[in-house]
Structure formats: structure tokens, C-alpha cells
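Novice: Structure in C-alpha cells, see below.
Protein chains in written order, with my numbering: chain A, 1 to 171; chain B, 1001 to 1171.
In C-alpha cells, the structure reads:
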């Protein structure tokens, strides 16, 4: 598994997450924006994720519900400002329950180098206090690493463009 | 004319503009979100503003073109994340030509106290450098003050809820 870099610089209003996937950019983008795959990687392990809406186009809305084992659900939602496949997504992000850091601007950038793809996710908060109150840094780092590991598993299973079907491959 | 407060704090990633209008919140919100009125107040005096799109609802798009006297046009656009009349608008803002500060998150909050309305506009940039490169502070302060003065003129002309028509009022 690759490492996920999470940068939370003191005094800034953002969190910058960087992860390199061993797959072409088209494959990473398609997996990242597929509503059917979101429940397999989005959010932390203590919750299951339901996709209420995910309309990946400029002006399209998204809404996910993270549900605890006892059935309690927490809504997250936003709209897409820009969707430029396979290189860039700009969207808003809001935790419906409110509290610090409830509203964020998110900029996802995908860059391909030598068949690998670097995904950079910048989450921008309304203030340093909002960012610092969002989730303790250690908690964010662990849940983001988990999510990105799960996304990597999904991406490894995906067919590569132009690849022939391989029988007998390992599961 | 009231003053417009423009706060550009060193090291932060935002610009905070505050203006008090002597009118109820419904009146200010209606004027602020009316596409037909935008050309009268939005932008700086060196440009005329054309409203290409302004669909003020969650997921709705907006696009304005600021045009110089020689016909050259500059596009600005975004989408609405939240529109909660008459108290809150969250939207994205992008200068299509690129450059520093091209992408912003904008949060507008309207609060009514004693029949007056305070409008606070927070523009959030991707970095301090983006913010500082957007427009020299003095330029922003002047153009924002001009815009808000023009908006105040419009708001003063607007009928008040429940007000009777007054004949012989000054133009």
C-alpha cells in the first residue's frame, strides 16, 4: 500500500491530502466519481455510507449519509462547481449537523506521470479555528489513510483501458 | 452614504466585507439577488456588467461578463451551494481567465437589527498568496465601496413591504 500524505500546516485554513495510485488517470477518475463505489471507500470504518445523490456535473448535487451501527445517520452534502474529467473537480462540502468546519470548498486535482496518478485533495475552511475544530489531526490522518487504502483496492480491481481480460488472476 | 468595512487581515485566506443598509432584510435580499439589478451595482466603474446566467437556487449557476469600453469581456462564474432567503447565500466564484485568486468560496450573511440589515460577505481563497494576488487591497476597497454605494441607491428606491405608494418623492 502507498502512503497518504496529509498536510495540516499551522495557521492555514486548509488540509491537503496527496495520494499516488498505480493506475492511469482515467481509471482513478472513473473509480473516484462512481456513486456505486462510494460506499466501499468514503468515510471512516465506524460508519456505512449511503449515497443519496451524486450528480457529478457542474451544478450537480451530492449528498451522502454516514450511518452508525445503531441506525443514526449524519448527512453531508454539496454541489459541484467544476467537473473536468479526468483532471479536476471543484465542489462544496457541508456537514448538515453544523459545528466548526461545517462548510468547506474542496479542490481535487489528478495528475498522471508515467502511468501513475497523483490525486491531491485540498479542503478549504472558513477559518483556521474551523479547520482545527473539524476533527483532531490524528483522527483525520487515520480516516483519510483508510479511505485512500480502500480506494486503492477498488482501483486495483478495475479494468485498465486496452487491457485484455486475464483469467486466473488473484482475487 | 454608509461606510463599507473591508477587512483583509495579514496571513488569512479571506476578505470580509461588511455593510449596513437602512432597509429590512427582505428588501436587501431581493435587491441583492435580482438579475435585472446586477448591471447597476456589480463590479467596478470601468466595466459594464452583463448577466449571462443567474439562477439563484442550490445547484443553480451564475455567470457575469464584465465588459470594457473597447468591447473586451471578462467572464466570472460559479454555482450556488445554498440559498436560504433572506439570510444566507453560499456560492463559488471563479474568474475564467485564471491567475491568482481565480477560485473563491463566498458566504453572504444578512442579519436584521431594528429594521436595518447588515450584509457580511466573506470571500475565501485557496491560499494567502491567492488572496493577496487577487487585487491590491486599495483597489478592492475602492471597488467594493463603489459597488455597495450603488446597491444602497437601488435599495433606497425599492418599495418597503407594507409601505404605501408615495407620490412626489424625490428621484
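Glycine included, C-beta positions come from ideal geometry on N, C-alpha and C.
Small disclaimer: the values here were computed from a predicted structure and weren't measured.
#1: Have a look at residue 1033 of chain B and residue 1057 of chain B and give me their C-alpha separation to the nearest angstrom.
#2: Going along chain C in order, which residues have a C-beta closer than 9 Å to the C-beta of residue 92 of chain A?
#3: Taking 8 Å as the cut-off, decide whether the C-beta atoms of residue 1048 of chain B and residue 1035 of chain B are in contact.
#4: Check the Cβ of residue 1058 of chain B against every Cβ in chain A and list those closer than 8 Å, keeping chain order.
#5: Rounding to the nearest angstrom, what Cα-Cα distance links residue 1030 of chain B and residue 1024 of chain B in this structure?
#6: Within 8 Å of any Cβ in chain A, is that where the Cβ of residue 1110 of chain B sits?
#7: Considering only residues of the same chain and omitting the five flanking positions on each side of residue 75 of chain A, which have a CB-CB separation below 7 Å?
#8: Compare the C-alpha of residue 111 of chain A against each of A:123, A:89, A:128, A:129 and name the closest.
#9: Could you give the distance in angstroms between the alpha-carbon of residue 83 of chain A and the alpha-carbon of residue 1092 of chain B?
#10: Cα separation between residue 1147 of chain B and residue 1156 of chain B?
#11: Counting pairs of Cβ atoms below 8 Å between the segment 1010-1025 of chain B and the segment 131-143 of chain A, do you hit three or more?
#12: Would a check of beta-carbon distances place residue 1186 of chain B closer than 8 Å to chain A?
#13: From the DSSP output, in three-state form, read off residue 1091 of chain B for me.
#14: Against chain B, does residue 122 of chain A count as a neighbour if the rule is that its beta carbon must be under 8 Å from one of theirs?
#15: Using the three-state DSSP reduction, which class does residue 123 of chain A fall into: helix, strand or coil?
#16: Report buried or exposed for residue 1114 of chain B, applying the criterion of at least 16 other Cβ atoms within 10 angstroms of its Cβ.
#17: Starting from residue 1071 of chain B, find everything on chain A with Cβ-Cβ shorter than 8 Å and list it in chain order.
#18: Going by DSSP in three states, residue 168 of chain A sits in which element: helix, strand or coil?
#19: Starting from the Cα of residue 1108 of chain B, find the closest Cα among B:1102, B:1121, B:1149 and give me that residue.
#20: Does any residue of chain A have a CB that is nearer than 8 Å to the CB of residue 1011 of chain B?
#21: Which residue from B:1061, B:1051, B:1046 puts its Cα closest to that of residue 1070 of chain B?
#22: Can you tell me which residues form a DSSP beta bridge with residue 1062 of chain B?
#23: Using a Cβ-Cβ cutoff of 9 Å, what residues of the segment 1122-1154 of chain B are near chain A? List them in chain order.
#24: Just reading off the beta strand (DSSP E) that residue 112 of chain A is part of, what are its end residues?
#25: If I follow the unbroken alpha helix (DSSP H) through residue 158 of chain A, where does it start and stop?
Specialist: This is what the structure gives:
#1: Locating residue 1033 of chain B in the second chain gives position 33, counting from the first residue. Locating residue 1057 of chain B in the second chain gives position 57, counting from the first residue. A straight line joining the alpha-carbon of residue 1033 of chain B with that of residue 1057 of chain B spans about 10 Å.
#2: Of the chains in the structure shown, none is chain C; the protein chains are A and B.
#3: Taking the first residue of the second chain as 1, we reach residue 1048 of chain B at position 48. Taking the first residue of the second chain as 1, we reach residue 1035 of chain B at position 35. Cβ distance not < 8 Å, so residue 1048 of chain B and residue 1035 of chain B don't count as in contact.
#4: As a working note, residue 1058 of chain B is residue 58 in the second chain. Chain A residues near residue 1058 of chain B: 61, 79.
#5: As a position in the second chain, residue 1030 of chain B is number 30, starting the count at 1. As a position in the second chain, residue 1024 of chain B is number 24, starting the count at 1. If I take the Cα positions, the gap works out to 10 Å.
#6: Locating residue 1110 of chain B in the second chain gives position 110, counting from the first residue. It does not; no Cβ of chain A falls within 8 Å.
#7: The count along the first chain starts at 1 and reaches residue 75 of chain A at position 75. Cβ within range, chain order: 63, 65, 96.
#8: Taking the first residue of the first chain as 1, we reach residue 111 of chain A at position 111. Cα-wise, what sits closest to residue 111 of chain A is A:89.
#9: One-based indexing of the first chain puts residue 83 of chain A at position 83. One-based indexing of the second chain puts residue 1092 of chain B at position 92. Distance between the alpha carbons of residue 83 of chain A and residue 1092 of chain B: 13 Å.
#10: Here the question's residue 1147 of chain B lines up with position 147 in the second chain. Here the question's residue 1156 of chain B lines up with position 156 in the second chain. Taking the straight line from one Cα to the other gives about 14 Å.
#11: Contact fails between the segment 1010-1025 of chain B and the segment 131-143 of chain A, because fewer than three Cβ pairs, one in each stretch, are under 8 Å apart.
#12: Outside the displayed span of chain B (1001 to 1171) sits residue 1186 of chain B, for which this structure offers no information.
#13: One-based indexing of the second chain puts residue 1091 of chain B at position 91. Of the three classes helix, strand and coil, the one that applies to residue 1091 of chain B here is strand, per DSSP.
#14: One-based indexing of the first chain puts residue 122 of chain A at position 122. Chain B contact via Cβ: present.
#15: Working through the first chain from its first residue, we reach residue 123 of chain A at position 123. Here residue 123 of chain A sits in strand by DSSP.
#16: Residue numbering aside, residue 1114 of chain B sits at position 114 when the second chain is read from its first letter. Per the 10 Å Cβ criterion, exposed.
#17: The residue given as residue 1071 of chain B occupies position 71 in the second chain. Correct list: empty, because the minimum Cβ distance to chain A is about 27 Å.
#18: Looking up residue 168 of chain A in the first chain gives position 168. Confidence in residue 168 of chain A is poor, its pLDDT being 43 and thus under 50, which makes the residue's placement unreliable; the coordinate value appears in the next sentence. Residue 168 of chain A: coil per DSSP, three-state reduction.
#19: By one-based count along the second chain, residue 1108 of chain B stands at place 108. Cα-wise, what sits closest to residue 1108 of chain B is B:1121.
#20: One-based indexing of the second chain puts residue 1011 of chain B at position 11. Chain A contact via Cβ: present.
#21: On the second chain, position 70 is the one that residue 1070 of chain B refers to. Of B:1061, B:1051, B:1046, the residue nearest in Cα terms is B:1046.
#22: Indexing the second chain from 1 puts residue 1062 of chain B at position 62. Partner(s): B:1054, B:1078.
#23: 1122, 1124, 1125, 1126, 1127, 1128
#24: Within the first chain, the letter at position 112 stands for residue 112 of chain A. Where residue 112 of chain A is concerned, the enclosing beta strand (DSSP E) stretches over 103-113.
#25: Within the first chain, residue 158 of chain A is the residue found at index 158, counting from 1. That residue, residue 158 of chain A, is in no alpha helix (DSSP H); it is neither H nor E in DSSP.
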